[in-house]
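The sequence shown: position 342 = 701 (my numbering), numbered continuously.
Glycine residues also receive a C-beta, built at the ideal position from the N, C-alpha and C atoms.
All of these numbers come straight from a predicted model, not from anything done at the bench.
This report concerns only the one structure given below.
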Amino acid sequence: MKLLIRMSAAALLTGTAHAGTSPLSLNEAGELANGLSRFPVFSGDGRWVFFSSDATNLVASDTNGTTDVFARDLLAGTVVRLSVDSAGQEVHGASGHVTHTRGQASSFDGRFVAFYSLAPDLVGDDGNSVTDLFLRDRDPDGNGIFDEPGATTIRITRSVDGLDPDGLSGPHGLDMSSDGRWIAFYSEATNLVEGDSNGFGDVFLYDRIADTIRRVSIAPDGTEGDRAALHIALSRDGRYMSYYHLSDLLTTGDSNNEADIHFIDRDPDGNGVFDEQPWSQELISLAESGDQGDMQSRYSWQSDDGRYVVFESAATNLVTGDTNNDRDLFLRDLQLSTTQRISVATGGAQALRGGRYPYVLSRDGRYTVYRSSSSDLVADDTNNRFDVFLYDRINATTERVSRTVAGDEVNGHCQWVWLSDDNRYVAYDSEASNILPGGTPAVWQCYVFDRGGPCPGDVNRDGTVDFADLNLVLLRWNQPGPGADADASGLVDFGDLNTVLSSWSTPCGP
Numbered sequence: 360m361k362l363l364i365r366m367s368a369a370a371l372l373t374g375t376a377h378a379g380t381s382p383l384s385l386n387e388a389g390e391l392a393n394g395l396s397r398f399p400v401f402s403g404d405g406r407w408v409f410f411s412s413d414a415t416n417l418v419a420s421d422t423n424g425t426t427d428v429f430a431r432d433l434l435a436g437t438v439v440r441l442s443v444d445s446a447g448q449e450v451h452g453a454s455g456h457v458t459h460t461r462g463q464a465s466s467f468d469g470r471f472v473a474f475y476s477l478a479p480d481l482v483g484d485d486g487n488s489v490t491d492l493f494l495r496d497r498d499p500d501g502n503g504i505f506d507e508p509g510a511t512t513i514r515i516t517r518s519v520d521g522l523d524p525d526g527l528s529g530p531h532g533l534d535m536s537s538d539g540r541w542i543a544f545y546s547e548a549t550n551l552v553e554g555d556s557n558g559f560g561d562v563f564l565y566d567r568i569a570d571t572i573r574r575v576s577i578a579p580d581g582t583e584g585d586r587a588a589l590h591i592a593l594s595r596d597g598r599y600m601s602y603y604h605l606s607d608l609l610t611t612g613d614s615n616n617e618a619d620i621h622f623i624d625r626d627p628d629g630n631g632v633f634d635e636q637p638w639s640q641e642l643i644s645l646a647e648s649g650d651q652g653d654m655q656s657r658y659s660w661q662s663d664d665g666r667y668v669v670f671e672s673a674a675t676n677l678v679t680g681d682t683n684n685d686r687d688l689f690l691r692d693l694q695l696s697t698t699q700r701i702s703v704a705t706g707g708a709q710a711l712r713g714g715r716y717p718y719v720l721s722r723d724g725r726y727t728v729y730r731s732s733s734s735d736l737v738a739d740d741t742n743n744r745f746d747v748f749l750y751d752r753i754n755a756t757t758e759r760v761s762r763t764v765a766g767d768e769v770n771g772h773c774q775w776v777w778l779s780d781d782n783r784y785v786a787y788d789s790e791a792s793n794i795l796p797g798g799t800p801a802v803w804q805c806y807v808f809d810r811g812g813p814c815p816g817d818v819n820r821d822g823t824v825d826f827a828d829l830n831l832v833l834l835r836w837n838q839p840g841p842g843a844d845a846d847a848s849g850l851v852d853f854g855d856l857n858t859v860l861s862s863w864s865t866p867c868g869p
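What follows is the structure, given as structure tokens:
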């Protein structure tokens, strides 16, 4: 230990950590998952990454031959399977592997994790043979120790009589508030609430404390939509919600007969009490003139303060100069009533192929991470694949963040994206075979791009660089990042030791 410290102290490094790429879908031995692994999601505190995988080598005794939901502790390097029953037994049906949606959602600290599953044996009375929504409580006694015996799995989607839902739930949207109380989801069931008679899928809100379900996709006066509502998103405190609806019946003046983005404020008087009637609901996929989009708008995401909403649209009239005849990403400022296109190159030039869902808006509304197959968003994009890009609203810049460990272009598509709450880490999945040195099988795996930060030595993110960070580096020695990979090299080694020691006792902010 002393020798290691002396050696690293002789070569102290200063400044910000360099950006780098590391694998996420690993087992505790640091081995890459041996099956398709997708949809990585960080907990709010950045400690946990949740993902879906077909792999059999992530945990011991994985013999069900189907997709499961896993949690990897980025600090300790441990992996647990979450799609199990309350006795901890594996189940027999795919879980969490939901294309084009947030397949699993978690509370800020990672205690509560919601996911979809086809398994009939997660709970004892599931007999509907369709996808349902489940909630895993990893710490029922609240002692701060996760995944002890006693962790529970419950089914959220139940009829008003406590019976099986009469339709599937998912895959078009799943989100959770930071305290784990509010869970928003999509369902085609007609018996989750009273009076659901429109025959279309709707979006709903589950209150974990009250154990109640409320339908969101109705007008303030209770009018049902005459078409489907999909993909609901929540702000961190659960106050703001947005979703897209194909119906024109939910807001006054909606006359374009296209899918539009609807925004809801559950506390319009700001008194801290949610769900007083009526909710404030408005259509927001608009041009600055107030004109509605001339084509469909979908897949919204809002900042925590409810000011900014990003969405995808095929409309050509939301901004001037939109001539690429493709879907683009737009950012609506609800405070200033402005709309700007953000799937653009640095300098504002439009992309030939626009931007695509999935994407994520940072909690502060500054950054949008998205995917695009366009070759003109950044220079030297020649791989003809969907890459992951990050747009900075403040600096009006676009950068590509899906790179190999060596910093080169990837040779396969990237799809799912996620951004940590501190805006430092971008998670994504990719089928590329050249991301890691030596190559990998051409099967989807989860990766993280570390953008670097002003205090890279604070690897445990407690606000100060101290012995806890040093111990974590030594504990994770010679293992892949990002957990204690302070210099974002992809491996915990002397560089990380140097980084911690060079910023010793530095106050960083959590």
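In the same chain as His772, and ignoring 5 residues on each side of it, the C-beta atoms closer than 6 Å to its own belong to Arg744, Phe745, Glu790, in chain order. Unbroken alpha helix (DSSP H) stretches of 4 residues or longer found wholly inside the stretch 621-646: none. Bridge pairing for Pro866: Thr823 [DSSP]. About 6 Å separates the CB atoms of Tyr726 and Asp751; that is less than 8 Å, so the two are in contact. Close CB contacts of Thr741 within its chain, under the 8 Å cut and outside five residues either way in sequence, are with Ser734, Glu768 (chain order).
In the structure shown, Asp828 falls within a helical segment according to DSSP collapsed to helix, strand and coil. One thing to note: Val575 has its Cβ within 9 Å of the Cβ of Ala543.
Non-local beta-carbon contacts of Gly452 in its own chain, meaning distances under 7 Å to residues more than five positions away in sequence, involve Thr425, Ser476, Leu477, Ala478, Pro479 in chain order. Around the beta carbon of Ile577, 16 or more other beta carbons sit within 10 angstroms, so the residue counts as buried. Residue state for Asp788 is assigned as strand, using DSSP reduced to three classes.
Asp634 sits exposed, since fewer than 16 C-beta atoms from the chains shown fall within 10 Å of its C-beta. Beta-bridge partners of Gly379 (DSSP): Asp809.
Under the three-pair Cβ rule at 8 Å, the stretch 554-567 counts as touching the stretch 577-591. Cβ neighbours of Ile643 within its own chain (closer than 7 Å, five residues either side excluded): Ile620, Phe622, Val668, Arg691, Leu693. Contact between the stretch 412-420 and the stretch 820-829 is not established, with fewer than three Cβ pairs separated by less than 8 Å. Straight through space, the alpha carbons of Ala592 and Gly529 are spaced by roughly 14 Å.
Counting only the Cα atoms, Val851 lies some 47 Å from Arg573. In the DSSP assignment, Thr757 falls within the beta strand (DSSP E) that extends over 756-759. Boundaries of the alpha helix (DSSP H) harbouring Leu856: 853-861, taken from the DSSP string.
Counted as a single uninterrupted DSSP element, the beta strand (DSSP E) harbouring Pro717 occupies residues 715-720. For Leu434, the secondary structure class from DSSP, reduced to helix, strand or coil, is coil.
Within the model, the alpha-carbon separation for Phe409 versus Asp506 is close to 14 Å. Under the Cβ criterion (8 Å, minimum of three pairs), the stretch 676-686 counts as touching the stretch 707-715. For the pair Leu481 and Ser454, the CB atoms are nearer than the 9 Å cut-off. When DSSP states are grouped into helix, strand and coil, Leu494 belongs to the strand group. Secondary structure at Leu749: strand, using DSSP grouped into helix, strand and coil.
Just measuring C-alpha positions, the residue of Leu494, Asp500, Gly503, Leu551 sitting nearest Asp520 is Leu551.
About 5 Å separates the CB atoms of Gly389 and Pro839; that is less than 8 Å, so the two are in contact. Residues Val818, Val832, Ala843, Asp844, Ala845, Asp846, Ser848 of the same chain have their beta carbon placed closer than 8 Å to that of Asp855, with the five preceding and five following residues left out of the count. Separation of the CB atoms of Ser639 and Ser656 is rounded to 19 Å, and the pair is thereby denied contact status at 8 Å.
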